[in-house]
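Chemist: One structure coming up, written as structure tokens, with questions to follow.
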Amino acid sequence: MSGNTEEMSKALKATTPGFRDIPSTIVRATIVQASTVYNDTPKTIEKAGEFIAQAASDGAQLVVFPEAYIGGYPRGYRFGIGVGVHNVDGRDCFRKYHASAIVVPGPEVEKLAEMARKNKVYLVMGAIEKDGYTLYCTALFFSSEGRFLAVDKRLTIPTV
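Counting in the working numbering, the sequence shown runs from 2 upward without gaps.
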């Protein structure tokens, strides 16, 4: 970004109606576009840690991961389900997928909080959360001090 913050702020105030009333803060964010390591949550979290550290070293204050980064998005998975069909291969596929999901709060959430703290970044992480056999597509929010701030979960994942 060329120019300095003061010049940009003056230009915005001069050209944007109502801008004078809005406090100005610039936040450097990194949006991670990467895939999960399917059926391997520890390796997925390790991979996330590498992205978080790189983003922080590049000056990011906020790091945002994709939906279902931990656990993976089941695009194309049928889990052996069709009209009138429920088979053993599908159940095995679902068991593996379920095993990759995390419990919130839990040890994986603690690891992510520590990564946010260590790298001094705010973190938003997409994960598949399990509660019994129900799976949720969840967003986890962490402060730069390593506090788990909030969770937003949606029942959008197939539950077999």
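Positions of the beta carbon are idealized from the N, C-alpha and C atoms, including for glycine.
Using only the alpha-carbon positions, how far apart do Y137 and Q62 sit?
Modeler: If I take the Cα positions, the gap works out to 27 Å.
Chemist: Within 8 Å, do at least three Cβ pairs link the segment 135-149 to the segment 109-126?
Modeler: The segment 109-126 is in contact with the segment 135-149.
Chemist: Closest by CA to A128, which one among I27, T42, G60?
Modeler: Comparing Cα-Cα distances from A128 to each of I27, T42, G60, the minimum goes to T42.
Chemist: Given a cut-off of 8 Å, decide if A102 and K121 are closer than it, judged by their beta-carbon atoms.
Modeler: Result no, Cβ atoms of K121 and A102 do not sit closer than 8 Å.
Chemist: In the structure shown, what three-state DSSP assignment does K112 receive?
Modeler: Residue state, collapsed to three classes: helix.
Chemist: I'd like the list of long-range same chain contacts for R155, defined as Cβ closer than 8 Å, with 5 residues on each side in sequence excluded.
Modeler: Excluding residues within five positions, the ones whose Cβ falls inside 8 Å are Y137, C138, T139.
Chemist: Run the CB neighbour count on G73, radius 10 Å, all protein chains shown included, and call it buried at 16 or more, exposed below.
Modeler: Classification for G73: buried.
Chemist: Report back the beta-carbon spacing between L124 and I53 to the nearest angstrom; my notes put them in contact at under 8 Å.
Modeler: Yes, L124 and I53 are in contact; Cβ-Cβ is about 7 Å, under 8 Å.
Chemist: Give the DSSP-derived three-state secondary structure of D59 in the structure shown.
Modeler: Here D59 sits in coil by DSSP.
Chemist: Could you give the distance in angstroms between the alpha-carbon of K97 and the alpha-carbon of A57?
Modeler: Cα-Cα distance, rounded: 32 Å.
Chemist: Could you check what DSSP says for D93 in three-state terms: helix, strand or coil?
Modeler: D93: helix per DSSP, three-state reduction.
Chemist: Could you name the residues of the same chain whose beta carbon sits closer than 6 Å to that of R29, not counting the 5 residues immediately before and after it, in chain order?
Modeler: Excluding sequence neighbours, R29 sits near G60, A61, Q62.
Chemist: Alpha carbon to alpha carbon, how far is P75 from N40?
Modeler: Near 11 Å, if we compare the C-alpha coordinates of N40 and P75.
Chemist: On the DSSP bridge list, what partners appear for R155?
Modeler: R155 pairs with C138.
Chemist: Mind checking which residues open and close the beta strand (DSSP E) that includes I27?
Modeler: Neither: I27 is in no beta strand (DSSP E) and is coded neither H nor E.
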